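Remarks on the structure that follows.
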Amino acid sequence: MQPRPLLVLLALLVTSTACTTGVPGMTCTHNSDCGLEETCQAGLCVIVRRCDTDLDCPVGASCSGATGTCVACPACEPGEVCLSGACLPTSCADRRCPTGQVCSDGACRTPDCLGVICAGEQTCARGTCLPTGCSPSQPCHAGEVCSEGRCLDPACVGVTCAEGEGCAGGRCSPRECADRSCADGALCESGRCRSARCLGVECLGGALCGDGQCLPIACAEGAQIVSCAPGRACLEGRCGDPDCAGASCPEASLCVAGSCLPVACPSQPCGAGSVCAEGSCRPASCVGVTCPAETACASGQCVPTACGGVQCPLGRACINDVCVELACAGVQCADPLVCRHGLCLRPEELPTGECVSQDGSFASGEGGCKDLVSGLVWSSVSQTTMAWGAAMWDAHTPGSPPRDPGDMGRTNDYPEDDATLAALTTTFWRDDHPDAYCHVLVEGQRSDWRVPSLTELQSLREHLAGKDAAAYLKGVASGGAVWSSALKSIYNAWLLRLDTLEVTDDIRQANQGRVHQAICVRGGRKPSDHLAIVSAPTTAGVDTLRTRPIVLQVADPDGRPVYAGGLTLTFTTDDGATLAPSTATTDTFGQAALADWSIVAAPGPSTIKVSAPDLQPAELSLRVGEFPHTCAEEDEHFATTAGGCKDLASGLVWSAPSHSKLTWHEAIWDSVTPEGN
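Now the structure itself:
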């Protein structure tokens, strides 16, 4: 139970401060989307480090002679080589790769495994690190067979090679070409057989050469399909086209797992790593995968969502007893690199949230664009659109059909395996929902982001009044609107339109040219769940207009007023009584007052309930009295007694005025006899 709020007033001062601009970390599709000294790598703008030698690069990176830039380069094991920051086997190139694989740096690999570094006796399959051994339950890659617990080229089954040699195409050959000849389609470069199409091709960090193309190691969360190479799809954070060699799909569709699937669902484009399956956006590698309870699909595998009894946050799963992003499942980065959205990034390359500009109300700091009045820190706006109505449902009994929010009897056909239970609201959220987006967001090296409440969006609205939101917040789209966490109905939530700064719940109106995005917030003083009563009468007369105002204040549990201007408060009663007016609006400081009001109710106690979206209601108790027996107003001079309204100074008790209009000459006459004379 939260403590009862105290009642105070709040004075807000706006101070002037400087604000720097920053672009690194924004999503991109081309280098032109990034600023100077930056490049688009795997869907993210990253700062390019210029170099002449390896000494110019930080620890864990090497200098690319072709581009003059630093690329991450962990220490590689014998028989491996570092290419654009990843250690890859040096064997391959003596044979043509199976369908669905490409020859990258002398190794046949599926595109979704480019750059994935696995630990120990593991190998990458479908973007996930799996044990090297094979079994009926642990199949091999496409084009390989399981022989004596090992995955082999079918032509190499039974072939034994000498130390330092490997089998390719049924024959043994040195693992490094040196002065020998390479197979058709490959040439010897720096002691290694490489695909002829990759000779001289140097890819920037975050990409590797495969069949002559620089393929992104991973695609960032929120990147659109175009962030991958032409003809390839972003699958669970990896660019690839398994089983799609030679496939030709029509416009607005891509080949995934051998089938042409639409890039967009009927209502909106699917995000990175998702395809439209049966009318909803789903992770491509998880299409057709059904996971048991308390597990989630990551890169085609069912993994537990709980680690040591702790439920992993939305968008994360338990990998090796650690809650990690689903896009980072199986990805190991060398120190000091860290995995974010499937990318191995240096700490200084992590996305930063900063103000686009400032005028004294906003300044860059604490991981984002900080509102200097409310103390809230805002992230950049998401680059993907997000729907609400089909995105969630109520908690339900396991095994029974999931229900729409509000238990209205309709079932929600969105796959339960692709949703996560939010414990605080006992609600399931789609993995591409704003709630999941904010839970896994890492911006400005901060990860404690949340979907803003309506009260928090109201504070942003007040500070942006008369201004262009795009001048302060990154990623604002033309006609964009951002979601709050406050539900309006079972299919809808409150939105803030960033062009008109209108708070709306009209999803149909919002859909007309609107772009529904997510914005996340952190820090600051969290808005209250309370409405505090500043002043109000305790008694009222039937049908009598009251002049003493009812004053309410939005306040936190410690009684401090909360900046929550523009909230609509609704007044209702629990006994059929009516209050006029029935609504009020909070001012800039989160305060609302009913200066003139009246109540129609039966005599006796009556409770007025004051509510607003995203806030717990307040209750105001009134005793409604009949005219002959109560004071219209009580204070230090008058008090209600059993007989009427008592003047505390004189001791006289007064009745209320009569209901009928009376004049004096009709009210009196002479004394008469009982007979009427």
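Residue numbering for the sequence shown follows the working numbering, beginning at 170 and increasing consecutively.
Ideal Cβ placement from N, Cα and C applies to all residues, glycine included.
Since the model is a prediction, treat every value here as computed from it, not as a measurement.
Rounded straight-line distance, which links the Cα of residue j to that of residue i
{"i": "residue 633", "j": "residue 647", "result": "16 angstroms"}
{"i": "residue 330", "j": "residue 315", "result": "18 angstroms"}
{"i": "residue 392", "j": "residue 465", "result": "Legend: pLDDT at residue 392 = 31, less than 50; position of this residue unreliable, value from coordinates given subsequently. About 22 angstroms."}
{"i": "residue 529", "j": "residue 637", "result": "14 angstroms"}
{"i": "residue 524", "j": "residue 804", "result": "53 angstroms"}
{"i": "residue 707", "j": "residue 665", "result": "37 angstroms"}
{"i": "residue 768", "j": "residue 673", "result": "30 angstroms"}
{"i": "residue 738", "j": "residue 744", "result": "19 angstroms"}
{"i": "residue 435", "j": "residue 650", "result": "Confidence at residue 435 is low in this model, with a pLDDT of 41, below 50, so the placement of that residue should be treated as unreliable; the coordinate-derived value is given next. Each residue's alpha carbon lies about 20 angstroms from the other."}
{"i": "residue 527", "j": "residue 641", "result": "7 angstroms"}
{"i": "residue 542", "j": "residue 788", "result": "29 angstroms"}
{"i": "residue 741", "j": "residue 778", "result": "5 angstroms"}
{"i": "residue 814", "j": "residue 823", "result": "5 angstroms"}
{"i": "residue 461", "j": "residue 472", "result": "9 angstroms"}
{"i": "residue 626", "j": "residue 736", "result": "10 angstroms"}
{"i": "residue 746", "j": "residue 790", "result": "12 angstroms"}
{"i": "residue 816", "j": "residue 709", "result": "17 angstroms"}
{"i": "residue 748", "j": "residue 621", "result": "32 angstroms"}
{"i": "residue 699", "j": "residue 459", "result": "42 angstroms"}
{"i": "residue 752", "j": "residue 197", "result": "46 angstroms"}
{"i": "residue 802", "j": "residue 703", "result": "18 angstroms"}
{"i": "residue 623", "j": "residue 533", "result": "23 angstroms"}
{"i": "residue 111", "j": "residue 782", "result": "Any question about residue 111 goes unanswered here, given that the chain covers just 170 to 846."}
{"i": "residue 639", "j": "residue 724", "result": "30 angstroms"}
{"i": "residue 681", "j": "residue 663", "result": "Model confidence at residue 681 stands at a pLDDT of 44, short of 50, so the residue's coordinates are unreliable; what they give is reported in the following sentence. The alpha-carbon atoms of residue 681 and residue 663 are separated by roughly 16 angstroms."}
{"i": "residue 630", "j": "residue 610", "result": "23 angstroms"}
{"i": "residue 643", "j": "residue 549", "result": "5 angstroms"}
{"i": "residue 810", "j": "residue 819", "result": "14 angstroms"}
{"i": "residue 792", "j": "residue 776", "result": "9 angstroms"}
{"i": "residue 756", "j": "residue 607", "result": "29 angstroms"}
{"i": "residue 668", "j": "residue 531", "result": "18 angstroms"}
{"i": "residue 821", "j": "residue 784", "result": "46 angstroms"}
{"i": "residue 806", "j": "residue 705", "result": "18 angstroms"}
{"i": "residue 847", "j": "residue 535", "result": "Residue 847 lies beyond the residue range present for the chain, which begins at 170 and ends at 846; the question has no answer from this structure."}
{"i": "residue 841", "j": "residue 761", "result": "Unreliable positioning characterises residue 841 in this predicted model, as indicated by a pLDDT of 44, which lies under 50. The coordinate reading is nonetheless provided below. Between residue 841 and residue 761, the C-alpha separation is close to 60 angstroms."}
{"i": "residue 619", "j": "residue 328", "result": "57 angstroms"}
{"i": "residue 688", "j": "residue 635", "result": "20 angstroms"}
{"i": "residue 780", "j": "residue 754", "result": "11 angstroms"}
{"i": "residue 152", "j": "residue 701", "result": "This structure cannot speak to residue 152, because the chain is shown only from 170 to 846."}
{"i": "residue 504", "j": "residue 321", "result": "32 angstroms"}
{"i": "residue 808", "j": "residue 645", "result": "59 angstroms"}
Boundaries of the alpha helix (DSSP H) in which residue i is found, first to last residue
{"i": "residue 763", "result": "Premise fails: residue 763 lies in the beta strand (DSSP E), 760 to 763, not in any alpha helix (DSSP H)."}
{"i": "residue 627", "result": "623 to 633"}
Start and end residues, beta strand (DSSP E) containing residue i
{"i": "residue 809", "result": "807 to 809"}
{"i": "residue 814", "result": "814 to 816"}
CB-CB length for residue i against residue j, believed under 8 angstroms
{"i": "residue 719", "j": "residue 763", "result": "4 angstroms"}
{"i": "residue 544", "j": "residue 693", "result": "4 angstroms"}
{"i": "residue 551", "j": "residue 722", "result": "Incorrect: roughly 33 angstroms between the Cβ atoms, too far for contact."}
{"i": "residue 766", "j": "residue 750", "result": "7 angstroms"}
{"i": "residue 690", "j": "residue 546", "result": "7 angstroms"}
{"i": "residue 540", "j": "residue 628", "result": "7 angstroms"}
Beta-bridge pairing of residue i - partner residues as DSSP gives them
{"i": "residue 737", "result": "754"}
{"i": "residue 723", "result": "700"}
{"i": "residue 774", "result": "792"}
{"i": "residue 537", "result": "534"}
{"i": "residue 747", "result": "769"}
{"i": "residue 742", "result": "777"}
{"i": "residue 639", "result": "DSSP, once it has assigned bridges, lists no residue as partnering residue 639."}
{"i": "residue 787", "result": "779"}
{"i": "residue 321", "result": "314"}
{"i": "residue 665", "result": "651, 672"}
{"i": "residue 928", "result": "The chain is shown only over 170 to 846; residue 928 falls outside these bounds and no answer can be derived."}
{"i": "residue 460", "result": "Answer by DSSP bridge pairing: none, since residue 460 is not bridged."}
Within-8 angstroms CB hit, residue i to chain C
{"i": "residue 699", "result": "Note that chain C does not occur in the displayed structure, where there is just one protein chain."}
Review point. Does the segment 609 to 616 come within contact of the segment 772 to 791, defined as at least 3 CB pairs closer than 8 angstroms?
Key: no
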